[in-house]
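In what follows, a structure is listed as structure tokens, so that the remarks can point back to it.
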Amino acid sequence: MKVRNFDGGSRERVVITGMIVSDEVIAKLADKCAEHTFGSMVSNIIVEQCVVYYRQHHKAPGKHIEPIMRVWAENRPDGDKTVEMV
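The sequence shown begins at -11 in our numbering and counts up one residue at a time.
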């Protein structure tokens, strides 16, 4: 099995961090983020969860991102490599 690493770099990390912690950033980007917007599968999963949270609560997930991702991981098949990466 080949493992492919995607690193969107520091700009991608800054945008995703902004979506997690900033109500302004998530508000501006939520409707612009299409499926697979980012180069990293992990980034896309995190962004998707941030957008879902924003649409339900009208704010960035902030510190709630950890339990959100924990719930997401619990719904994945055992041994899923994606969970390990996230």
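All C-beta atoms, glycine included, are put in the ideal place defined by N, C-alpha and C. In this text the structure is predicted, and so the values were computed from the model without any measurement.
Cβ atoms of residue j and residue i: under 8 Å apart, would you say?
| i | j | result |
| --- | --- | --- |
| residue 7 | residue 61 | no |
| residue 42 | residue 14 | yes |
With DSSP run on the structure shown, which of helix, strand or coil describes residue i?
| i | result |
| --- | --- |
| residue 27 | coil |
| residue 32 | helix |
| residue 51 | helix |
| residue 38 | helix |
| residue 20 | coil |
Can you name, in chain order, every residue of its own chain whose Cβ lies under 7 Å from the Cβ of residue i, other than the five neighbours on each side?
| i | result |
| --- | --- |
| residue 39 | 18, 21 |
| residue 25 | 32, 35 |
With a CB to CB cut of under 8 Å and the five nearest residues on each side skipped, what residues in its chain are close to residue i?
| i | result |
| --- | --- |
| residue 37 | 49, 53, 56, 57, 60 |
What are the start and end residues of the alpha helix (DSSP H) that includes residue i?
| i | result |
| --- | --- |
| residue 64 | Residue 64 -> no alpha helix (DSSP H), and no H or E assigned at all. |
Once you ignore the five residues that flank residue i on each side, which residues in its own chain have a CB closer than 6 Å to its CB?
| i | result |
| --- | --- |
| residue 51 | none |
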